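What the sequence shown shows, in my numbering, is residues 78 to 169, in sequence order.
Yeah, the Cβ is synthetic: ideal placement off N, Cα and C, and Gly gets one too.
This structure is a prediction, so every number in the text was calculated from the model and none was measured.
To keep things clear, I will list the structure first and then write my remarks on it.
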Amino acid sequence: MQDPSDTRPANPRGTAATAADVELQAALCARLWDSGLDVSEIALNVADGCVTIEGAIGTLADREAVEARIRAAGGVREVVNHVSVAPDRTGG
């Protein structure tokens, strides 16, 4: 359950197939939000431990960091990264 004082969305977009996938998705979303990376345009879809990442992020390094954080989480069997790098979204 999300703390009412926490204004971050629990998961801006995404789907999960089973209760275990829902739990994994919530843990991954928290991990990403707590990373300090701008993941506001990232969506996670979880099915049987396979995580598909979609959306856009500002730099290639951030794209790789998102994938690495997801791969390091327990319960992740596979990662499919469809995140595009869109430098203009960083305000630069």
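Item, Value
"Rounded C-beta distance between Asp139 and Leu114? I'm assuming under 8 Å.", "5 Å"
"Please name the residue, chosen from Val128, Gly135, Gly152, that lies closest to Glu144 on a Cα-to-Cα basis.", "Val128"
"If you count every other CB in all the chains shown that lies within 10 Å of the CB of Leu137, and 16 or more means buried, which is it?", "exposed"
"Just curious, the alpha helix (DSSP H) that Val143 is in, first and last residue?", "137-148"
"Considering only their Cβ atoms, is the gap separating Ile134 from His159 smaller than 8 Å?", "no"
"When burial is assigned at 16 or more other CB atoms within 10 Å of the CB, is Gly151 buried or exposed?", "exposed"
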